[in-house]
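*Asks:* Take a look at this one; I'll ask things after.
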Amino acid sequence: MTDESEKVGSVSQSRYEQIVAELRDVVEQQTRGQFTIGDRALEIEPMRQRGGPVGETEWTVEESLARLADDIGLSVATVKTTRWVASRWPKEHRQPKIASYTVHRSLANIEDDAERFAAVLVLPEGKPRWTTDDANRRVGQQVETPVTPQEKATAIHSLAQDEEVAAAVTTDFLKRPQVAAKVSAEDKVRVVEEFTRDETVATTAATTLLRRPDVAFAWFATTPRSSRCGCGPAIAYLSTARADGSKAPSGQSHGRGLGPDRGPDHEVVLGL
7 MTDESEKVGS VSQSRYEQIV AELRDVVEQQ TRGQFTIGDR ALEIEPMRQR GGPVGETEWT
67 VEESLARLAD DIGLSVATVK TTRWVASRWP KEHRQPKIAS YTVHRSLANI EDDAERFAAV
127 LVLPEGKPRW TTDDANRRVG QQVETPVTPQ EKATAIHSLA QDEEVAAAVT TDFLKRPQVA
187 AKVSAEDKVR VVEEFTRDET VATTAATTLL RRPDVAFAWF ATTPRSSRCG CGPAIAYLST
247 ARADGSKAPS GQSHGRGLGP DRGPDHEVVL GL
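Quick note, our numbering runs 6 ahead of the 1-based positions in the sequence shown.
Next comes the structure, spelled out in structure tokens:
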């Protein structure tokens with residue numbers, strides 16, 4: 007296969023590699039630029055311990071950084087972030103050739119200095135430089151392109167914080183038998199309990215379940231008569247249904263015999 011046929015998007019493989027080389031230089035320059043902004047912000051307002059002395063100045067940290075942000079055309083949040091990242095990466099430990107500023111920012115979350123400085127030197131397996139996902143994975147943050155089941159679950163949970171998204175996802179999952187089959191019986195019970203908090207749903211679900219002879223006979227065999235209030239339709243159904251699912255002959259009903267050695271409290275009274 008020729009180089010021209012191995013395209014990446016609209017460009018040939020060789021042209022793509024030229025673009026990558028060019029942009030890596032750009033990213034390296036941007037990384038150094040971001041660190042320069044952070045260094046200068048640190049020079050104006052060094053990092054201080056909480057509750058530490060502020061120093062002899064009329065300016066607060068917020069005011070100084072806000073003025074700097076305005077004067078260079080950046081947001082205060084950006085200036086604060088670059089200042090913090092620069093404080094986490096002394097110049098001698100920065101690695102702009104193998105890690106972008108974004109990667110340095112993610113790895114800056116490693117608390118221990120020695121661990122952080124060593125971590126950036128250990129490249130992800132089989133890769134010549136860090137990716138943002140690799141860095142986020144290293145510090146336990148959400149990745150942009152999930153790979154493992156846990157990462158995919160985290161991505162779904164993040165999206166499902168929106169109630170409309172959560173409802174749509176749940177509806178889709180419940181329509182997929184292969185997904186439901188992997189859910190434990192205990193979790194399925196919890197789902198049913200949650201949905202049946204709505205009285206209409208509970209009534210519909212109970213009626214549907216009790217029309218299944220195997221379920222209904224098991225329920226009546228273990229539920230005291232005093233707890234069967236409002237189950238008239240199901241009891242009427244049972245009066246003509248056998249445990250094996252077949253219908254009893256016309257006029258024949260099952261008032262007793264739902265299980266061995268059942269006392270009066272487990273008697274089925276038709277019409278309840």
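For glycine and all other residues, C-beta sits at the position ideal for the given N, C-alpha and C.
Predicted model, so just to flag it, every value in this text is computed and none were measured.
What is the DSSP secondary structure of V315, counted as helix, strand or coil?
*Replies:* Missing from the structure shown is residue 315; the chain here goes from 7 to 278 and no further.
*Asks:* When the Cα atoms are used, what is the spatial distance from A249 to V185?
*Replies:* Because A249 sits at a pLDDT of 48, beneath the cut-off of 50, its placement in the model cannot be relied upon, and the point is left open.
*Asks:* Count the CB pairs spanning the region 106-113 and the region 32-40 that are closer than 8 Å, and state whether there are at least three.
*Replies:* yes
*Asks:* For S16, count neighbouring Cβ atoms within 10 angstroms of its own Cβ and tell me buried if that reaches 16, exposed if not.
*Replies:* exposed
*Asks:* What does the alpha-carbon distance come out to for the pair K131 and D139?
*Replies:* Here residue 131 turns out to be Glu, not Lys, going by the sequence shown. Between E131 and D139, the C-alpha separation is close to 13 Å.
*Asks:* Based on the DSSP output, what are the partners of K13 in its beta bridges?
*Replies:* S18
*Asks:* Does DSSP put D271 in a helix, in a strand, or in coil?
*Replies:* In this predicted model, D271 has a pLDDT of only 45, less than 50, meaning its place in the structure is not dependable enough to derive any value.
*Asks:* Rounded to whole angstroms, what's the CA-CA distance from R111 to D220? Just pull it up for me.
*Replies:* 60 Å
*Asks:* Just the Cα atoms here: how many angstroms apart are R73 and G44?
*Replies:* Rounded to the nearest angstrom, the two C-alpha atoms are 14 Å apart.
*Asks:* Out of curiosity, what's the CA-to-CA distance linking R196 and P155?
*Replies:* 22 Å
*Asks:* Flag this pair as yes or no: are the beta carbons of A141 and R89 separated by less than 8 Å?
*Replies:* no
*Asks:* Going by CA-CA distance only, name the one from A75, G79, W95, P96 that's closest to K86.
*Replies:* A75
*Asks:* For chain D, is any of its Cβ atoms less than 8 Å away from the one on L71?
*Replies:* The chain inventory of the structure shown lacks chain D, comprising one protein chain alone.
*Asks:* For L29, count the other beta carbons within 10 Å of its own beta carbon; 16 or more makes it buried, fewer makes it exposed. Which is it?
*Replies:* The residue in question, L29, is exposed, as its Cβ has fewer than 16 Cβ neighbours within 10 Å.
*Asks:* Around the Cβ of R94, are there at least 16 other Cβ atoms within 10 angstroms (buried) or fewer (exposed)?
*Replies:* Counting Cβ neighbours within 10 Å, R94 comes out buried, since at least 16 surround it.
*Asks:* Would you decide whether L71 is buried or exposed? Buried here means 16 or more other CB atoms lie within 10 Å of its CB.
*Replies:* buried
*Asks:* Using DSSP with H/G/I as helix, E/B as strand and the rest coil, what is I43?
*Replies:* helix
*Asks:* Alpha carbon to alpha carbon, how far is I116 from V145?
*Replies:* 7 Å
*Asks:* Within its chain, find whatever has a CB closer than 7 Å to the CB of R143; leave out the 5 residues flanking it on each side and keep chain order.
*Replies:* The residues are V149.
*Asks:* Can you list, in chain order, the residues of its chain whose CB lies under 8 Å from that of P134, leaving out five sequence neighbours each side?
*Replies:* Scanning its chain for C-beta atoms nearer than 8 Å, with the 5 sequence neighbours on each side dropped, one finds around P134 the residues I104, in chain order.
*Asks:* Is V26 buried or exposed, if buried means 16 or more other CB atoms sit within 10 Å of its CB?
*Replies:* exposed
*Asks:* Can you tell me the Cβ-Cβ gap for L113 and R122, rounded? I've got them flagged as a contact below 8 Å.
*Replies:* 6 Å
*Asks:* Report the three-state DSSP secondary structure of D77 (helix, strand or coil).
*Replies:* helix
*Asks:* What does a CB cutoff of less than 6 Å around V67 pick up in its chain, not counting 5 residues either side in sequence?
*Replies:* E51
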